[in-house]
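The next block holds one structure in the form of structure tokens; read it before the comments.
There are 2 protein chains.
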Amino acid sequence: MTPQTTGLQAPPHALARSRELTEPALRAAIGRLHPLPRRMAAFSLGWCEADGTPSTSPGGKGVRQALAVLAAEAVGAPGATAVPAAVAVELLHTFSLVHDDIMDGDERRRHRDSVWKAFGTGPAVLTGDALFALAVQVLAGSGSEHTGAAVRKLAGTLGDLVHGQADDLLFETRPWTGPDAVTLGEYEAMAARKTGALLGAATALGPVLAGAPPRLVDALSEAGLHLGLAFQAVDDLLGIWGDPLTTGKPVHSDLRRRKKTLPVLAAMVLDPAAARRLELLLGSDAPPGAAEAGRAAAVVEDAGGRTFTLEEARRHATAARAALSGVPLAEPAAAELVALSEYLLDRQV
Amino acid sequence: MTPQTTGLQAPPHALARSRELTEPALRAAIGRLHPLPRRMAAFSLGWCEADGTPSTSPGGKGVRQALAVLAAEAVGAPGATAVPAAVAVELLHTFSLVHDDIMDGDERRRHRDSVWKAFGTGPAVLTGDALFALAVQVLAGSGSEHTGAAVRKLAGTLGDLVHGQADDLLFETRPWTGPDAVTLGEYEAMAARKTGALLGAATALGPVLAGAPPRLVDALSEAGLHLGLAFQAVDDLLGIWGDPLTTGKPVHSDLRRRKKTLPVLAAMVLDPAAARRLELLLGSDAPPGAAEAGRAAAVVEDAGGRTFTLEEARRHATAARAALSGVPLAEPAAAELVALSEYLLDRQV
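Residue numbers (numbering that gives the first Met the number 0), protein chains in the order written: chain A, 0 to 348; chain B, 0 to 348.
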């Protein structure tokens with residue numbers, strides 16, 4: 000797992016295979032929605048444009064569905080067992096994007112308008128609610144005798160998402176330096192809930208539905224959690240140094256938005272002089288311009304924030320792999336899980 | 000059940016009894032939330048003011064929790080069986096108020112600012128999400144062997160709420176008259192989902208957790224649905240003719256907001272001449288002033304819309320009672336259910 004690779008790796012076959020398995024169920028679930036949220040949900044999934052015409056842009060890659068399917072296969076169950084889990088996780092993920100974009104005021108998502116920007120805030124609230132309701136409905140209706148445990152896991156995951164998002168919103172109001180500054184530990188706890196929990200649910204829910212032993216479920220859940228933390232670290236790197244053509248966001252985007260991401264927090268902990276400079280550049284009442292953001296990026300890099308974050312990504316990727324290799328899992332699914340994890344982290348940074 | 004009574008009926012003892020049973024669990028659940036949504040959730044439940052000081056205004060009466068407790072007792076189970084159901088229904092109800100107020104742009108709720116008005120739209124979205132997550136968590140963690148069925152019912156109820164809210168939002172965009180006008184059948188289908196489903200869940204979930212026979216669950220669910228429809232009809236009457244001191248809303252509030260409620264829709268169906276006058280009064284680009292709204296109220300009343308709606312409330316109240324009396328239920332809970340229903344509908348109209 001080498002997060003700083005070229006981004007040119009071919010998509011694992013597992014993605015296409017799992018899409019074939021799960022997409023009919025996902026489309027059937029969306030098809031059951033009221034026409035108003037259905038169209039907005041289809042837009043948020045990348046299936047259509049805001050006016051309802053078929054989409055010209057790619058949607059999500061379906062990594063979470065594939066994780067669910069492969070995790071079920073890794074505990075010896077047919078991939079089909081995981082379909083309700085895969086659909087529920089994708090719906091929960093999409094729900095969180097739609098509502099988070101409202102809360103964060105993000106106008107763009109995957110090179111298009113965000114749902115609230117395209118349809119209005121009220122309709123976007125409704126769309127998120129519809130997606131979440133559907134996630135619970137799909138999982139609760141799975142027919143598996145282990146549905147109760149799966150729904151508990153899903154509800155806990157939503158609780159984590161809300162908790163992490165609340166932390167993230169509060170971080171914005173806290174000072175850059177001093178005793179009330181956000182610590183690296185607080186940041187990791189936030190990221191574990193906001194990003195890790197959902198990938199942990201993706202890898203755990205299929206095995207839960209399959210009735211896998213708790214030891215295997217826990218190992219797969221832990222692998223997903225670490226994968227999520229590695230993914231978030233890469234995301235934080237992309238938020239500062241990502242190519243605008245790839246990310247769809249302006250250069251130094253997260254710095255211009257004064258987001259308290261891992262590279263910045265790490266730089267401030269590693270180098271007190273950098274902390275003072277960053278506070279001057281980012282801590283004023285007005286958002287920094289392009290020049291200030293560029294200077295802040297250089298300060299973060301010189302202080303070691305970029306390297307630290309890359310090391311964090313590697314550390315969590317290694318921990319994910321270790322969690323998988325610590326328990327007996329079925330092949331080829333286990334190897335495919337590792338390959339899919341590498342693919343997920345293989346983004347241009 | 001006489002919806003047009005004085006509103007001076009004493010609260011049934013069942014309300015206090017069920018509050019004693021369910022409130023500790025509700026407070027414990029809210030206490031598990033992240034501090035940010037926890038405070039907003041406490042505000043939305045009427046427990047504190049926006050600044051966190053203890054509330055000076057009364058919160059909800061806890062009718063839904065009492066319905067859950069009494070319904071469980073009516074199928075012969077201890078009221079305590081229904082506590083997770085009562086808490087989940089109250090959380091789901093509060094979630095829907097918080098998000099609906101965002102979508103409807105309603106600035107006031109129970110004589111106070113709505114959550115989005117007091118805390119901002121993003122935080123209100125988060126609060127609703129937190130409440131809904133908690134509802135599923137509480138019910139999924141009930142420990143009952145019938146949890147799976149209960150969660151399916153809750154998820155279906157949320158699906159209904161979203162569907163009903165989507166209908167309600169779409170109704171606003173439809174014309175007052177002509178082939179695309181909202182029909183009375185469409186209105187009832189919307190109200191059944193938006194209001195009936197939640198009361199149907201309140202009366203069904205306790206019995207579901209108790210493992211009651213489907214025939215009893217269905218009868219109680221149907222009673223709750225009709226009670227909800229009766230409640231909505233009374234609410235529609237109050238939205239036009241309610242005392243502003245009681246409702247906390249301006250006189251003729253729903254007409255000034257040009258809401259397509261049952262009295263108006265009924266008047267337009269019953270009297271084509273009234274329909275044309277109402278379209279002139281309510282259908283222009285600008286919202287009607289106090290004088291136009293007053294004239295519209297008189298037109299609705301003269302056309303029979305008020306009487307029709309009162310009859311609808313009575314019809315559904317009777318149907319609720321019939322559903323209860325059609326199956327063998329345990330006393331005194333069954334009688335208390337009827338008394339509580341009467342209390343719920345006994346509002347000044």
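A virtual CB, placed ideally from N, CA and C, is assigned to each residue, including glycine.
Quick caveat: nothing in here was measured; it's all calculated off a predicted structure.
B/D128 versus chain A: which residues are under 7 Å apart at the beta carbon? For this step, residue 128 of chain B is matched to residue 129 along the second sequence. Listed by position along chain A, the residues whose Cβ is nearer than 7 Å to that of B/D128 are H98 and V161.
Taking its Cβ as the centre, do 16 or more other Cβ atoms sit within 10 Å of A/G199, making it buried, or is it exposed? Translated into the one-based positions of the first sequence, residue 199 of chain A becomes position 200. By the 10 Å Cβ count, A/G199 comes out buried.
So what's A/D284 in DSSP terms, helix, strand or just coil? By one-based count along the first sequence, residue 284 of chain A stands at place 285. Of the three classes helix, strand and coil, the one that applies to A/D284 here is coil, per DSSP.
When DSSP labels each residue in this structure, what does B/M0 get in the three-state scheme? Locating residue 0 of chain B in the second sequence gives position 1, counting from the first residue. Here the model assigns B/M0 a pLDDT of 42, short of 50, so the residue's position is not dependable, and the following value carries that caveat. If DSSP states are grouped into helix, strand and coil, B/M0 belongs with coil.
Can you tell me which of B/P206, B/E106, B/G288 and B/L130 puts its alpha carbon nearest to the alpha carbon of A/D159? As a working note, residue 159 of chain A is residue 160 in the first sequence. It is B/L130.
Would you give the residue range spanned by the alpha helix (DSSP H) that B/T120 belongs to? One-based indexing of the second sequence puts residue 120 of chain B at position 121. First-last of the alpha helix (DSSP H) with B/T120: T120 to A139.
Taking the alpha carbon of B/H12 as the point to measure from, which residue in B/E335, B/L236, B/D99 and B/G45 has its own alpha carbon closest? Within the second sequence, residue 12 of chain B is the residue found at index 13, counting from 1. The shortest Cα separation from B/H12 among B/E335, B/L236, B/D99 and B/G45 belongs to B/E335.
Contacts of A/M102 in chain B (Cβ-Cβ under 7 Å): Translated into the one-based positions of the first sequence, residue 102 of chain A becomes position 103. Those are G121, V124 and L125, listed as they occur along chain B.
Anyone know if the C-beta pair for B/T308 and B/A265 falls short of 9 Å? Translated into positions along the second sequence, residue 308 of chain B becomes position 309. Translated into positions along the second sequence, residue 265 of chain B becomes position 266. Yes.
If you reduce the DSSP assignment to three classes, tell me which class A/R111 lands in. The residue you call residue 111 of chain A lines up with position 112 of the first sequence. Strand, per DSSP.
B/V181 versus B/F42, B/V86 and B/A274, residue with shortest Cα-Cα distance: On the second sequence, residue 181 of chain B is found 182 positions in, with the first residue counted as 1. Ranking the options by Cα distance to B/V181, first place goes to B/A274.
Would B/R14 pass as a contact of B/L237 if the rule is Cβ separation under 9 Å? Within the second sequence, numbered from 1, the residue matching residue 14 of chain B stands at position 15. Within the second sequence, numbered from 1, the residue matching residue 237 of chain B stands at position 238. Here residue 14 of chain B turns out to be Leu, not Arg, going by the sequence shown. A distance of 9 Å or more separates the beta carbons of B/L14 and B/L237.
With C-beta atoms as the reference, is B/G205 less than 9 Å away from B/A329? Along the second sequence, read from residue 1 onward, the residue named residue 205 of chain B stands at position 206. Along the second sequence, read from residue 1 onward, the residue named residue 329 of chain B stands at position 330. Not a contact, by the Cβ cut-off of 9 Å.
Determine the chain A residues that contact B/V135 at a beta-carbon separation under 8 Å, and present them in chain order. Here the question's residue 135 of chain B lines up with position 136 in the second sequence. Per Cβ cutoff of 8 Å: V135, V150, L153, A154 and L157.
Cutoff 9 Å: A/Q231 Cβ touching any chain B Cβ: On the first sequence, position 232 is the one that residue 231 of chain A refers to. By this cut-off, A/Q231 is not an interface position.
What residue from A/A81, A/K60 and A/E341 has the CA that sits closest to A/G210's CA? What you label residue 210 of chain A is simply residue 211 of the first sequence in a count that begins at 1. Nearest to A/G210 by alpha-carbon distance, out of A/A81, A/K60 and A/E341, is A/A81.
Between A/P23 and A/T317, what straight-line distance do the alpha-carbon atoms span, to the nearest angstrom? Reading the first sequence from its first residue, position 24 is the one you call residue 23 of chain A. Reading the first sequence from its first residue, position 318 is the one you call residue 317 of chain A. Between the C-alpha atoms of A/P23 and A/T317 there is a straight-line separation of about 34 Å.
Contact list for B/T146 against chain A, beta-carbon separation under 7 Å: Residue 146 of chain B sits at position 147 when you count from the first residue of the second sequence. For B/T146, the C-beta contacts it makes with chain A under 7 Å involve G147, in order along the chain.
Rounded C-alpha distance that separates B/V216 from A/S143: Start at 1 with the first residue of the second sequence, and residue 216 of chain B comes out as number 217. Start at 1 with the first residue of the first sequence, and residue 143 of chain A comes out as number 144. Going by the C-alpha atoms only, they are around 23 Å apart.
Between the region 33 to 53 of chain A and chain B, which residues of the former have a C-beta closer than 7 Å to a C-beta of the latter? Answer in chain order: H33, L35 and P36.
Would you please state the rounded distance, in angstroms, between the beta carbons of A/L197 and A/L91? I believe it to be under 8 Å. In the first sequence, counting from the first residue as 1, residue 197 of chain A sits at position 198. In the first sequence, counting from the first residue as 1, residue 91 of chain A sits at position 92. Sure, about 7 Å apart at Cβ, within 8 Å.
What residues of chain B sit near A/A274, judged by a beta carbon separation below 7 Å? Working through the first sequence from its first residue, we reach residue 274 of chain A at position 275. The contacting residues do not exist; A/A274 stays about 26 Å from chain B at best.
Going along the chain, which residues of its own chain have a beta-carbon closer than 7 Å to the beta-carbon of A/A295, five neighbours each way excluded? In the first sequence, the residue the question calls residue 295 of chain A occupies position 296. Apart from sequence neighbours up to five positions away, the residues of its chain that approach A/A295 with a beta-carbon distance below 7 Å are L254, L277, L280, L281 and P287, ordered along the chain.
Under 9 Å between the Cβ atoms of A/V150 and B/V161? Mapped onto the first sequence, residue 150 of chain A falls at position 151. Mapped onto the second sequence, residue 161 of chain B falls at position 162. It is not a contact, given that the beta carbons lie outside the stated cut-off.
Beta carbon proximity, B/G210 to chain A, threshold 9 Å: Locating residue 210 of chain B in the second sequence gives position 211, where the first residue counts as 1. No, because no Cβ of chain A sits closer than 9 Å to the Cβ of B/G210.
A/G223 and A/L66 - do their beta-carbons sit closer together than 9 Å? The residue given as residue 66 of chain A occupies position 67 in the first sequence. The residue given as residue 223 of chain A occupies position 224 in the first sequence. With a cutoff of 9 Å on beta-carbon distance, A/L66 and A/G223 are scored as near each other.
Whole angstroms is fine: what's the gap from A/A139's alpha carbon to A/T146's? Numbered from 1 along the first sequence, position 140 holds the residue referred to as residue 139 of chain A. Numbered from 1 along the first sequence, position 147 holds the residue referred to as residue 146 of chain A. Computed Cα separation, rounded: 6 Å.
May I ask you to verify whether the region 40 to 51 of chain A touches the region 173 to 189 of chain A, counting CB pairs closer than 8 Å and requiring at least 3? As far as the Cβ criterion goes, the region 40 to 51 of chain A does not touch the region 173 to 189 of chain A, which means the pair count is below three.
When you compare the CB of B/G140 with every CB in chain A, is at least one pair closer than 9 Å? Start at 1 with the first residue of the second sequence, and residue 140 of chain B comes out as number 141. Cβ-Cβ to chain A under 9 Å: yes for B/G140.
Distance, Cα to Cα, B/T1 vs B/L20? Here residue 1 of chain B corresponds to residue number 2 of the second sequence, with the count starting at 1. Here residue 20 of chain B corresponds to residue number 21 of the second sequence, with the count starting at 1. With a pLDDT of only 44 at B/T1, under the threshold of 50, the placement of this residue in the model should not be trusted; the figure read from the coordinates follows. Approximately 29 Å, taken between the alpha carbons.
Run down chain A in chain order and give the residues with a C-beta less than 8 Å from the C-beta of B/F118. Taking the first residue of the second sequence as 1, we reach residue 118 of chain B at position 119. Residues of chain A whose Cβ lies closer than 8 Å to the Cβ of B/F118 do not exist, since the nearest Cβ in that chain is about 11 Å away.
Just to confirm my understanding: we take B/A332, look at its own chain, exclude 5 residues before and 5 after, and list those with CB closer than 7 Å. What are they? Stepping through the second sequence from its first residue, residue 332 of chain B is reached at position 333. In its chain, beyond the 5 residues on either side, L69, E72 and A73 have a beta carbon closer than 7 Å to the beta carbon of B/A332.
Have a look at B/V114 and B/R257 and give me their C-alpha separation to the nearest angstrom. On the second sequence, position 115 is the one that residue 114 of chain B refers to. On the second sequence, position 258 is the one that residue 257 of chain B refers to. Straight-line measurement puts the Cα of B/R257 at about 23 Å from the Cα of B/V114.
Select from B/T52, B/E185, B/V88 and B/A297 the residue whose C-alpha is nearest the C-alpha of B/K259. Here the question's residue 259 of chain B lines up with position 260 in the second sequence. Ranking the options by Cα distance to B/K259, first place goes to B/E185.
Which one or two residues does DSSP pair with A/P53 in a beta bridge? The residue you call residue 53 of chain A lines up with position 54 of the first sequence. Looking at the DSSP assignment, A/P53 forms a beta bridge with A/C47.
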